[in-house]
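Beneath this line is the structure, given in structure tokens, with notes to follow.
There are 2 protein chains.
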Amino acid sequence: MSQVQEEPKVAKDTKEKILRAAMDLMALYGYKGASVRKIAKAVGIRESAIYNHFKNKEEIFKTILASLFTTPFDDFFENHPPEKDAIEGKNYLMKFAATIKELSFDARNEKLFRIIMLEIMQSDEVRKQFLKYFFDENIKKLSTAFFVMMQHALIRSGDPILMAQEFFAPLFYYRLEITLFRMDERPTHSLSSIFEKHVDFFWEGIAL
Amino acid sequence: MSQVQEEPKVAKDTKEKILRAAMDLMALYGYKGASVRKIAKAVGIRESAIYNHFKNKEEIFKTILASLFTTPFDDFFENHPPEKDAIEGKNYLMKFAATIKELSFDARNEKLFRIIMLEIMQSDEVRKQFLKYFFDENIKKLSTAFFVMMQHALIRSGDPILMAQEFFAPLFYYRLEITLFRMDERPTHSLSSIFEKHVDFFWEGIAL
DNA sequence: GTCTATAGAGAGATAGAC
DNA sequence: GTCTATCTCTCTATAGAC
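Taken in sequence, the protein lines are chains U and B.
Numbered per the working numbering, the first sequence spans residues 1 to 208.
Numbered per the working numbering, the second sequence spans residues 1 to 208.
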């Protein structure tokens with residue numbers, strides 16, 4: 001409508017559509033299972049037209065990957081820096097768990113999580129990024145939070161990194177469980193309060 | 001050598017070889033990636049010869065699956081029935097964790113775990129079995145153990161099922177971490193004591 | 001039970017007309 | 001930028017000789 005964006009209107013649109021369709025299909029069938037044929041069909045164009053927008057199939061995947069790991073975790077720790085906010089103690093953990101919960105029940109984010117779990121054993125890049133975010137950065141930030149809590153004598157002392165892992169692991173486990181339940185169309189409402197329960201249980205084990 | 005096994009010597013041998021090769025390849029490349037061609041090549045026969053032993057590729061997979069979930073977990077709980085042995089308290093949990101640790105560092109079992117993680121989002125059967133063993137039976141038995149411990153006032157009271165999940169989740173998480181590290185040939189010795197550390201940490205949080 | 005040969009489907013990708 | 005047409009490769013599976 002405005003004067004600003006003009007020229008590549010349709011082109012950009014198609015490229016977006018391709019990415020969208022590819023993401024949907026890859027979340028369902030994995031990289032291999034999401035063939036260029038199927039992607040093209042889902043978009044409503046021929047296979048050859050795909051190659052006007054991407055060099056090859058792998059480039060499509062890489063583009064999706066790039067968006068995969070611009071993770072909301074960063075957002076959380078930016079909005080809630082552990083050095084500053086961790087003195088909130090249990091409340092801080094509750095906020096973190098709530099973020100994971102939100103992601104678990106968010107449609108787009110579930111797609112991303114599925115692609116990650118589908119390709120984690122196959123794609124070096126996915127695995128690398130997964131380890132970086134799920135096992136490194138997250139744990140690092142969380143361990144800072146626990147360190148702060150220890151300093152303020154909110155919790156018993158111990159190895160902050162171990163504590164961070166112990167806190168994070170069940171959240172990951174529950175999130176995986178939700179995804180798997182969904183795939184079998186099993187109800188997940190029984191899991192909706194599990195994140196809060198986890199924080200309650202965990203806090204009771206470490207609080208002074 | 002003995003007189004007993006005679007006739008289907010070679011046949012049974014080839015069938016075994018096929019299963020072995022298929023398992024190796026599927027642990028590396030997944031179901032789709034382990035083509036009949038590759039399996040045949042690994043065995044040292046032609047593709048067509050495969051079909052003398054199995055109706056089709058899926059039957060090979062199903063045969064492997066059947067062996068996948070004749071799990072050592074059953075062994076553990078048979079050898080250490082929670083109703084009886086859980087009064088050992090922390091020691092009981094230590095034994096359980098040691099079993100998971102063993103499985104994590106056992107070559108054959110790692111292959112099975114990889115196949116599970118590779119196909120969990122693709123194969124209904126794998127997912128079903130996974131949920132059954134990792135999320136249901138295991139948790140059920142463990143929750144019995146925690147219930148017993150509560151009754152004997154070894155640990156604080158609470159929901160035994162939640163406690164079982166909270167105890168099990170990190171073990172699963174660490175096992176996954178080990179598998180992923182291995183795939184990138186990252187050293188895992190730093191993780192060798194993590195299972196014991198988990199039990200220590202967890203016990204401190206629930207012990208009375 | 002293994003082989004050669006081949007069918008038939010689906011994959012990724014390119015050439016060239018419009 | 002999209003189309004038709006086509007290439008080439010790989011896949012699962014079968015037929016039939018030995």
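For every residue, glycine included, the Cβ atom is placed at its ideal position computed from N, Cα and C.
| message | Give me the chain B residues within the contact set of Lys197 of chain U, using Cβ-Cβ distance strictly less than 7 Å, ordered along the chain. | response | Leu162
| said: Rounded to the nearest angstrom, what separates Pro8 of chain B and Ile50 of chain B at their Cα positions? | reply: Its pLDDT being 49, under 50, Pro8 of chain B is placed unreliably in this model, and the coordinates cannot settle the point.
| message | On a Cα-Cα basis, can you pick out the residue from B:Arg46, B:Asp184, B:His189 and B:Lys197 that is closest to Gln122 of chain U? | response | B:Asp184
| message | Measuring only the C-alpha atoms, how far is Lys17 of chain U from Val43 of chain U? | response | 6 Å
| query | Taking the alpha helix (DSSP H) that Pro160 of chain U falls in, what are its first and last residues? | reply | Pro160 to Met183
| field | For Ala98 of chain B and Tyr92 of chain B, believed in contact at Cβ under 8 Å, the rounded distance | value | Contact flag wrong, Cβ pair sits at about 11 Å.
| Less than 8 Å separating the beta-carbons of Tyr29 of chain B and Phe61 of chain B? | no
| Buried/exposed call for Val4 of chain B, threshold 16 Cβ in 10 Å | Unreliable placement is indicated for Val4 of chain B, whose pLDDT of 45 sits below 50; the coordinate value is still reported in the next sentence. Exposed is the call here.
| task | Using a threshold of 8 Å, state whether the C-beta atoms of Ile161 of chain U and Ser190 of chain U are closer than that. | result | no
| task | Leaving out five residues on either side along the sequence, give the residues of the same chain with a beta carbon under 6 Å from the beta carbon of His198 of chain B. | result | Pro170
| request: Please name the residues in the stretch 138-166 of chain B whose beta-carbon is closer than 9 Å to at least one beta-carbon of chain U, in chain order. | output: Arg156, Gly158, Asp159, Leu162, Met163, Gln165 and Glu166
| said: Can you check which of these residues, B:Leu25, B:Leu180 and B:Ile206, is closest to Phe105 of chain B by C-alpha distance? | reply: B:Leu180
| said: Can you confirm whether the stretch 146-159 of chain U touches the stretch 123-130 of chain U when touching is taken to mean that 3 or more C-beta pairs between the two stretches lie within less than 8 Å? | reply: no
| message | Ala22 of chain B and Ile64 of chain B - do their beta-carbons sit closer together than 8 Å? | response | yes
| request: Could you check the C-alpha separation between Lys47 of chain B and Phe54 of chain B for me, to the nearest Å? | output: Before going on, a small fix: residue 47 of chain B reads as Glu here, not Lys. In a straight line, the C-alpha of Glu47 of chain B is about 11 Å away from that of Phe54 of chain B.
| field | Sequence-distant residues of the same chain with beta carbon closer than 7 Å to Ile289 of chain U, five excluded per side | value | Since the displayed chain U opens at 1 and closes at 208, residue 289 of chain U lies outside it and no answer follows.
| Residues near Ala153 of chain B by beta carbon distance below 7 Å, same chain, minus five either side | Leu208
| Closer than 9 Å, Cβ to any Cβ of chain U: which residues of the stretch 170-191 of chain B, in chain order? | Pro170, Leu171, Phe172, Tyr173, Tyr174, Leu176, Glu177, Thr179, Leu180, Phe181, Met183, Asp184 and Arg186
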